[in-house]
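Structure first, then comments.
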Amino acid sequence: MAVSRREFIAGSASGAAGLVVGGVLGKVVAGDGDGGGGGGGALSGDVGSIAEARGLTPAEVVQAVKTVVPPGKPELDEFYILASGGHSGQMLVMGVPSMKIKKVIGVFTPESWQGWGFGTDSGDIIRAGTTAEGGPVSPAQPTLTWADTHHPAISETNGEYDGRWVYINDRANGRIAMVDLRDFKTKQIYDIPNLLSSHGGVFVTPNSEYVHISTKTPTLIAGADVATSLENFADSYRGYSTFLAIDPTTGKFDVARSFQVELPPYTQDLADAGKLVSDGWVFINSYNSEMSWGGNMEGNPPIEVGASAGDYDYMHAINWKKAEQVVQSRSTVINGMRVIPLDVAVEEGILYLVPEPRSPHGVDVSPDGNYLCVGGKLDPHVTIYSFEQFQAAVDAEDFEDHDQFGVPIINFDSVVAGRVEVGAGPLHTQFDAEGHGYISLFIESAVAKFSLGAPYFEGDQAFQLVDKVPVHYNIGHLVTMEGDTTKPQGKYLVALNKWSIDRHSAVGTLNPQNFQLVDLDGEAMEVLSDTPIGMAEPHYVQAIRADRINAWHVYPPGTNPTTMEPDSNAVVQGEERIERNGDQVDVFMSLTRSQFKPDVLRLNKGDHVTLHLTNIESTPDATHGFAIPRYNISASLDPGEYTRIDFVADVEGAFAMYCTEFCSALHLEMQGWILVS
Ligand code: K7E
Ligand code: CUA
Numbered sequence: 003m004a005v006s007r008r009e010f011i012a013g014s015a016s017g018a019a020g021l022v023v024g025g026v027l028g029k030v031v032a033g034d035g036d037g038g039g040g041g042g043g044a045l046s047g048d049v050g051s052i053a054e055a056r057g058l059t060p061a062e063v064v065q066a067v068k069t070v071v072p073p074g075k076p077e078l079d080e081f082y083i084l085a086s087g088g089h090s091g092q093m094l095v096m097g098v099p100s101m102k103i104k105k106v107i108g109v110f111t112p113e114s115w116q117g118w119g120f121g122t123d124s125g126d127i128i129r130a131g132t133t134a135e136g137g138p139v140s141p142a143q144p145t146l147t148w149a150d151t152h153h154p155a156i157s158e159t160n161g162e163y164d165g166r167w168v169y170i171n172d173r174a175n176g177r178i179a180m181v182d183l184r185d186f187k188t189k190q191i192y193d194i195p196n197l198l199s200s201h202g203g204v205f206v207t208p209n210s211e212y213v214h215i216s217t218k219t220p221t222l223i224a225g226a227d228v229a230t231s232l233e234n235f236a237d238s239y240r241g242y243s244t245f246l247a248i249d250p251t252t253g254k255f256d257v258a259r260s261f262q263v264e265l266p267p268y269t270q271d272l273a274d275a276g277k278l279v280s281d282g283w284v285f286i287n288s289y290n291s292e293m294s295w296g297g298n299m300e301g302n303p304p305i306e307v308g309a310s311a312g313d314y315d316y317m318h319a320i321n322w323k324k325a326e327q328v329v330q331s332r333s334t335v336i337n338g339m340r341v342i343p344l345d346v347a348v349e350e351g352i353l354y355l356v357p358e359p360r361s362p363h364g365v366d367v368s369p370d371g372n373y374l375c376v377g378g379k380l381d382p383h384v385t386i387y388s389f390e391q392f393q394a395a396v397d398a399e400d401f402e403d404h405d406q407f408g409v410p411i412i413n414f415d416s417v418v419a420g421r422v423e424v425g426a427g428p429l430h431t432q433f434d435a436e437g438h439g440y441i442s443l444f445i446e447s448a449v450a451k452f453s454l455g456a457p458y459f460e461g462d463q464a465f466q467l468v469d470k471v472p473v474h475y476n477i478g479h480l481v482t483m484e485g486d487t488t489k490p491q492g493k494y495l496v497a498l499n500k501w502s503i504d505r506h507s508a509v510g511t512l513n514p515q516n517f518q519l520v521d522l523d524g525e526a527m528e529v530l531s532d533t534p535i536g537m538a539e540p541h542y543v544q545a546i547r548a549d550r551i552n553a554w555h556v557y558p559p560g561t562n563p564t565t566m567e568p569d570s571n572a573v574v575q576g577e578e579r580i581e582r583n584g585d586q587v588d589v590f591m592s593l594t595r596s597q598f599k600p601d602v603l604r605l606n607k608g609d610h611v612t613l614h615l616t617n618i619e620s621t622p623d624a625t626h627g628f629a630i631p632r633y634n635i636s637a638s639l640d641p642g643e644y645t646r647i648d649f650v651a652d653v654e655g656a657f658a659m660y661c662t663e664f665c666s667a668l669h670l671e672m673q674g675w676i677l678v679s
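Converting from the sequence shown to our numbering requires adding 2 to each position, the first position being numbered 1.
Shown next as structure tokens:
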């Protein structure tokens, strides 16, 4: 609703807008407020007349002022968010509060602008992520080139983000990737044995000992009869909770120190690591403890009905510090991975189940580590468990039953600290430093704020609904700043909304996802901005303080990003050369503004060519591309970067290689010839 300038100024006199607008009142320019009325008017004058001309309310001006990052002041983006790129297979980097997208990181999917997977050794990383035992692939298509990224997890030290690495899973194929935050590039993709798919079970333990990832749909056991496996579900399938050890220097996966815990064949879903008081444990939701497998044209209910038949599903609590010891003596190796069998996990007190309201989705651990908040999609409450009560129940063997696999089920009433009726379709919870939880309400399209118990809130202040704000529409995840660490920063919340009818300009029959920035500083939560995401559905994001990121500006000379070390095949200026050995041709080429050296390659048809490319620039942002038409080859080299390209010159012709980045006034001249004859 537009207001006249007079109303605008009057209406804002008591609010923050009054300060903003009032501060520039002295500079009123001609126009007097009658010429605008929205659209078309020249945008000159003070804030009030511009706002009036654009049809903005005082509140909208304040919202804009809270989020603007003006030219030359990037530091006003206080946080980064690292977002999954959904079924694009990539990751997004955005700023908060601007909500601007700063980078798309090529992860599982070739990304041509980064030269990711188009002939360079980055392709080895993508290929390596396809070939582990237990990762079934089609012989006809040996490399998986797409993924469905869901859950990023930033490395931690003492329960706080340390800004070193971020991990992200492939929901479709049960894989995981590691991105180094020094250069924001993917270093490793690992196809995890015994995981056909994964979902939300991705997080890092408080000192980055492990990154955890679990099965979504359970995996067919080796030797089970495929054709009758669904009818014999309980005997044919198993879930796996995977603890991938993190190399403390490189951040890569140390498979030899990694292990899995075998789980019942329920559908394990979201998970979170314990911290502080609950450090050493992980908690995983599950649904479909009914083990419904569908068959809606074979006389069975559809999975959505079968999986919702029971009143309760089970949260899995796993003692990983104990598992880490037990795996040394009581594990079996399946497809190259050490596995603690289910019966051993029960005997050793590694695995317990806790009833939770049916069809739960998120489980999130509070900053003090004591509260486990569970949203049940079909229950309007958030159920809040106390870890201390859980620990006491374990010690007292306070079990209400065992499941059919012999896993003890903790007495529900003994471990619930509180329940808060929050609204329809609660999913995921994030936290602030004051002891509030913020939970997404998918069905209601809202965020609810509630209070936790002691030591944050006592008596009738505890476990109360505090505030609620509508979001648009169908929110999935949400994130508060560093909201799943031991030190949440509060300030902002980002709502990741799946639908966006009428929120953005029409772009055809598929609307963008809609990220909404919510201000947490005021008395009531307030939506500040809408941001369309022009790619696949980002499921989850993590938000990290900008000052924790220590990104490199240029690479040390000759650095190979796959190792982050100088490469012995990198060249320095003056050492460029072509070495021929039979039909093997090694080209040691430098790239600088504005030439390739050498710029002519004379090849024989059938030559095996290895290009060793080095960007010898040391100026930040002096990136050069390297592309060969028709050979499907594209590289991108940042200053100081080395990369290797192997190809067979199997097509005759004259091919004009060129630089794909507009790097200088003579960028267009940065070209050369590859002659294959
Ligand atoms: Cu974490 Cu969308 Cu993969 Cu919930 S999931 S919404
Ligand atoms: Cu280098 Cu354009």
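Ideal placement from N, C-alpha and C gives every residue a C-beta, glycine not left out.
Computed from a prediction, not measured in an experiment: that's the story for all the values here.
Asked	Found
Residue 637 versus residue 482: straight-line alpha-carbon distance, rounded	37 Å
Buried/exposed call for residue 672, threshold 16 Cβ in 10 Å	buried
Distance between residue 611 and residue 591 (C-alpha atoms, nearest Å)	12 Å
Range of the contiguous alpha helix (DSSP H) that encloses residue 416	414-417
Residue 42 classed as buried or exposed, judged by whether at least 16 other C-beta atoms fall within 10 angstroms	Low local confidence applies: a pLDDT of 45 at residue 42 is under 50, so the model's placement there is unreliable, with the coordinate-based value given in what follows. Flag for residue 42 reads exposed.
Endpoints, alpha helix (DSSP H) assigned at residue 344	344-349
Alpha carbon of residue 479 to alpha carbon of residue 500, nearest angstrom	9 Å
Minimum length 4: unbroken alpha helix (DSSP H) runs contained in the region 376-443	389-397 and 414-417
Pick from 208, 633, 357 and 475 that is closest to residue 164, judged by C-alpha positions	208
Residue 542 CB to nearest heavy atom of the ligand K7E below 7 Å	yes
Straight-line gap, residue 601 to residue 536 (C-alpha atoms, nearest Å)	38 Å
Other residues of its chain near residue 566: CB distance less than 6 Å, five sequence neighbours each side excluded	none
Any non-hydrogen atom of the ligand K7E within 7 Å of residue 146 CB	no
Distance cut-off 7 Å: residue 672 Cβ against heavy atoms of the ligand CUA	yes
Contact under 8 Å by Cβ, residue 187 with residue 563	yes
DSSP-derived helix/strand/coil call for residue 333	coil
Cβ-Cβ distance between residue 217 and residue 238 below 8 Å	no
Proximity to residue 445 [Cα-Cα], best of 578, 287, 475 and 365	475
6 Å CB neighbourhood of residue 308 in its chain, flanking five on each side removed	292 and 294
Per-residue DSSP class, three states only, for residue 352	coil
Option nearest residue 418 by Cα separation, candidates 402, 429, 388 and 398	388
For residue 278, the three-state DSSP class (helix, strand or coil)	helix
Residues near residue 29 by beta carbon distance below 6 Å, same chain, minus five either side	Residue placement at residue 29 is poorly supported in this model, since its pLDDT is 38, which falls under 50; the coordinates are not used for a value here.
Distance cut-off 7 Å: residue 620 Cβ against heavy atoms of the ligand CUA	no
Secondary structure of residue 572, DSSP reduced to three states	coil
Straight-line Cα distance separating residue 73 from residue 65	18 Å
Residue 663 CB to nearest heavy atom of the ligand CUA below 7 Å	yes
Residue 149 classed as buried or exposed, judged by whether at least 16 other C-beta atoms fall within 10 angstroms	buried
Proximity test, residue 596 beta-carbon vs the ligand CUA heavy atom, cut-off 7 Å	yes
Rounded straight-line distance, which links the Cα of residue 647 to that of residue 613	5 Å
Alpha-carbon to alpha-carbon, residue 593 and residue 669	12 Å
Proximity to residue 331 [Cα-Cα], best of 67, 80, 261 and 86	261
The ligand K7E heavy atom lying under 7 Å from the CB of residue 152	yes
Residue 277 vs residue 367 beta-carbon contact at 8 Å	yes
The region 362-378 contacting the region 280-287, beta-carbon criterion three pairs below 8 Å	yes
Meets three-Cβ-pair contact criterion under 8 Å: the region 647-663 and the region 619-631	yes
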